[in-house]
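K.L.:
Pasting a structure here, questions to come.
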Amino acid sequence: MTQAITSAATSLNQLPAVFKLINKGLRWPECYWAKVTDVLDYGGGRFEQLTEALAQIRVRNWVYDPFNRNQQHNDFVRRMLETAPADIAVCSNVLNVIREKAVRREILEDIKRLTSEFGRCYFTVYEGDRSSRGRRTTHGWQANRPTKNYVRELKKAFPHVQHWGKLLICER
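If you're matching positions, the sequence shown starts at 1 in my numbering and goes up one per residue.
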């Protein structure tokens, strides 16, 4: 399945909110990250802010992004993570820029496949105007859905979903 409206232009040159929210919710972030070797950054865009932040704490970031990374890069990341899945996955502001529910479902299943069965998956979404009325924007698509409205969708892929404000945490 493919997206009718591309999300290529939605990549931002900033440290993803998901990383900040994970750290904010941890009592001892340095202890948590000491146990993490590999992160899957699904839809991570074309910039390296998260890769650089994780490298400072000796964590490898594997960015997979069909719109902002070339096929060779994405194939390599996929091969590496199919062999040794990531300890955790992050997916920041991706689900909200994809109009098609079936494509979002495929992404969730892909994240699950590329992450350790014991790993957590962290999601954030940009809520837009929170009206739940999606619309085309100058950069692509925006769903305008509140974070809590993604819980049901996430539960179809992950049985355990927690909603902590702007952060969604999934486990198998």
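Quick reminder that beta carbons are idealized off the backbone N, C-alpha and C, glycines included.
This one's a predicted model, so the numbers in the text were calculated from it and none came from an experiment.
(1) Out of Leu114, Gln49, Arg104, Leu54, which one is the CA nearest neighbour of Phe76?
(2) Looking only at DSSP bridge pairs, what is Asn144 linked to?
(3) So, Asn96 versus Val63, is the Cβ gap smaller than 8 Å?
(4) Please work out which residues of its chain come closer than 7 Å, Cβ to Cβ, to Trp164, disregarding the five sequence neighbours upstream and downstream, and give them in chain order.
(5) Secondary structure at Leu167, three-state DSSP: helix, strand or coil?
(6) Quick one: what does DSSP say Trp28 is sitting in, helix, strand or coil?
(7) Got a sec? Which residues, its chain only, sit under 8 Å from Lys156 by beta carbon, not counting five neighbours each side?
(8) In terms of alpha-carbon separation, which member of Gly43, Arg152, His73, Gly119 lies closest to Ile98?
(9) Using DSSP bridges, identify the partner residues of Asp38.
(10) As a quick exercise: from Thr6, Lys112, Val59, pick the residue whose alpha carbon is nearest that of Cys91.
(11) Let me know if Gln71 comes out buried or exposed under the rule of 16 or more other beta-carbons within 10 Å of its beta-carbon.
P.N.:
Reading off the structure:
(1) Leu114
(2) DSSP, once it has assigned bridges, lists no residue as partnering Asn144.
(3) no
(4) Gly25
(5) strand
(6) coil
(7) Arg105, Leu108
(8) Gly43
(9) Arg60
(10) Lys112
(11) exposed
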